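*Asks:* All you need for our numbering is the position in the sequence shown, starting with 1, plus 412.
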Amino acid sequence: MMRQIKLFLCAVQFLTRIPVPHLAGFEGAWITRSARYFPLVGQIVGGLAAAALLLANEVWQGVVPLLLALTAGILLTGAFHEDGLADTADGLGGGRDAAHRLTIMKDSRIGTFGALALVLLLALKLAGLALFNPGMAALLLLASHGMGRTAAVVVMGVLPYAGDPAASKTKPVPDGVRGGEVLLALLFGAWPLLLLPAPLAIYGLVGGVFLALLIALTARRLINGYTGDVLGAVEQVFELGFVLGAAAVL
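#1: Write down the C-beta distance between G496 and G644 rounded to the nearest angstrom, noting that I regard them as a contact closer than 8 Å.
#2: Counting only the same chain and skipping the five closest in sequence on each side, list residues whose C-beta sits under 6 Å from that of A631.
#3: Suppose you measure from the CA of R448 to the CA of L478; what does that come to, to the nearest Å?
#4: Considering only C-alpha positions, which residue in the set F426, L536, L421, L427 is nearest to P433?
#5: Please report the straight-line C-alpha distance between L634 and V567, rounded to a whole angstrom.
#6: By the DSSP assignment, the alpha helix (DSSP H) with T562 in it spans what residues?
#7: Going by CA-CA distance only, name the one from M548, L504, N545 that's closest to F525.
#8: Take L460 and list the residues in its own chain whose beta-carbon comes closer than 7 Å to its own, dropping the five residues that flank it on each side.
#9: From the DSSP output, which residues share a beta bridge with Y638?
#10: What are the boundary residues of the alpha helix (DSSP H) that includes L478?
#11: Which of helix, strand or coil does DSSP assign to R429?
#12: Output yes or no for whether 8 Å exceeds the beta carbon distance between L530 and E494.
#13: Give the single residue among G523, V424, V655 whose Cα lies nearest to the Cα of L554.
#14: Is the CB-CB distance between L466 and P572 below 8 Å?
#15: Please identify the residue among I417, F450, Q473, G657 whose C-alpha is closest to the C-alpha of P611.
#16: Among L532, A597, T428, G591, which has the Cα closest to the Cα of G653?
#17: Along the chain, where does the alpha helix (DSSP H) containing M517 start, and where does it finish?
#18: Distance, Cα to Cα, G591 vs A564?
#19: Does the Cβ-Cβ distance between L605 and A597 come in under 8 Å?
#20: Which one of M548, L623, V471 has the shortest CA to CA distance from G458?
#21: DSSP three-state label for R415, please.
#22: Apart from the five residues just before and just after G540, which ones in its own chain have a Cβ nearer than 8 Å to its Cβ?
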């Protein structure tokens, strides 16, 4: 039990800026082993963003509470996943070959593809959430954040790591996720779906899986696998697809 608690805290420390106690005896392999808890960490972020939305809705109306909720999610993670999305868009969109694409993705500077991807994704997510009442939008934030991290764990389980792990911006690289850990991540990530009306949950999953699969397959074709940036992009586009899929029900 103590090991599982340490793995959970390791996941919190890896994915967010939330302070955690010192992890005595830390080992690099904990990052990979903690992947099972990534969906729970996503639900913490999504739950706090949802709380920010509901609290802000007591003071403001319109899109202001939604913008504050999205801002809260970004601050809690330090734009960890958004950075991955931007780098992935720059690399996959502007590289000549796999090696060149990986080099671009390691560059901390943002390019045209990355800037456009961030702006369009945040704008579309905001527009999709604005179609719902605050309570339902809060539930969508909770569910989409958790399932977005679940999608990233699934990609880690089915695709090889691309490039040289020693050259990765994030160390140690989460690689070698086991089938049982992917299954646990799916179970942990799925429970908020029970809080949603069935059509919203189903269409949300269809939208999220479609966009996440599109990014994963594109990365497999262009760079022969995933990187940490690709995982961030998968998480972000799953969130967007989930919100837009649910909105299609309306």
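We put the CB at the ideal spot given by N, CA and C, even for glycine.
Keep in mind it's a predicted model, so treat the numbers as computed, not measured.
*Replies:* Once the coordinates are examined:
#1: Stepping through the sequence shown from its first residue, residue 496 is reached at position 84. Stepping through the sequence shown from its first residue, residue 644 is reached at position 232. The beta carbons of G496 and G644 sit about 2 Å from each other, so the pair counts as a contact at 8 Å.
#2: Taking the first residue of the sequence shown as position 1, residue 631 is located at position 219. Taking C-beta separations shorter than 6 Å and ignoring five residues to either side along the sequence, the partners of A631 in its chain run Y638, V642, following chain order.
#3: As a first step, residue 448 is located in the sequence shown; it is residue number 36 there, counting from the start. As a first step, residue 478 is located in the sequence shown; it is residue number 66 there, counting from the start. A direct Cα-Cα distance of roughly 29 Å separates R448 from L478.
#4: Your numbering for residue 433 matches position 21 in the sequence shown. That would be L421, whose Cα lies nearest to the Cα of P433.
#5: The residue labelled residue 634 in the question sits at position 222 within the sequence shown. The residue labelled residue 567 in the question sits at position 155 within the sequence shown. L634 and V567: Cα-Cα distance of roughly 15 Å.
#6: If you number the sequence shown from 1, residue 562 lands on position 150. That run of the alpha helix (DSSP H) goes 546-570.
#7: Along the sequence shown, read from residue 1 onward, the residue named residue 525 stands at position 113. When each option's Cα is compared against that of F525, the closest is L504.
#8: Working through the sequence shown from its first residue, we reach residue 460 at position 48. Its chain contains A484, L488 as the residues whose beta carbon lies nearer than 7 Å to that of L460, once the 5 sequence neighbours on both sides are disregarded; these appear in chain order.
#9: Start at 1 with the first residue of the sequence shown, and residue 638 comes out as number 226. Paired residues: Y573.
#10: The residue you call residue 478 lines up with position 66 of the sequence shown. Per DSSP, L478 belongs to the alpha helix (DSSP H) from 476-489.
#11: Mapped onto the sequence shown, residue 429 falls at position 17. In the structure shown, R429 falls within a coil segment according to DSSP collapsed to helix, strand and coil.
#12: For the purposes of this step, residue 530 is taken as residue 118 along the sequence shown, with counting starting at 1. For the purposes of this step, residue 494 is taken as residue 82 along the sequence shown, with counting starting at 1. A contact, by the Cβ cut-off of 8 Å.
#13: Stepping through the sequence shown from its first residue, residue 554 is reached at position 142. Comparing Cα positions, the closest option is V655.
#14: For the purposes of this step, residue 466 is taken as residue 54 along the sequence shown, with counting starting at 1. For the purposes of this step, residue 572 is taken as residue 160 along the sequence shown, with counting starting at 1. Contact: no.
#15: Here residue 611 refers to the residue found at position 199 of the sequence shown. That would be G657, whose Cα lies nearest to the Cα of P611.
#16: Along the sequence shown, one-based indexing puts residue 653 at 241. Nearest C-alpha to G653: L532.
#17: Taking the sequence shown and counting its residues from 1, the one referred to as residue 517 is at position 105. M517: member of the alpha helix (DSSP H) spanning 510-518, first to last residue.
#18: Taking the sequence shown and counting its residues from 1, one reaches residue 591 at position 179. Taking the sequence shown and counting its residues from 1, one reaches residue 564 at position 152. The straight-line gap from Cα to Cα measures roughly 14 Å.
#19: To locate residue 605, count along the sequence shown from 1; it is residue 193. To locate residue 597, count along the sequence shown from 1; it is residue 185. A597 sits away from L605, with the two beta carbons spaced by 8 Å or more.
#20: Taking the first residue of the sequence shown as position 1, residue 458 is located at position 46. Looking from the CA of G458, the closest CA among M548, L623, V471 belongs to M548.
#21: Along the sequence shown, read from residue 1 onward, the residue named residue 415 stands at position 3. If DSSP states are grouped into helix, strand and coil, R415 belongs with the helices.
#22: Within the sequence shown, the letter at position 128 stands for residue 540. Closer than 8 Å at Cβ, skipping near neighbours: L652, V655, L656, A658, A659.
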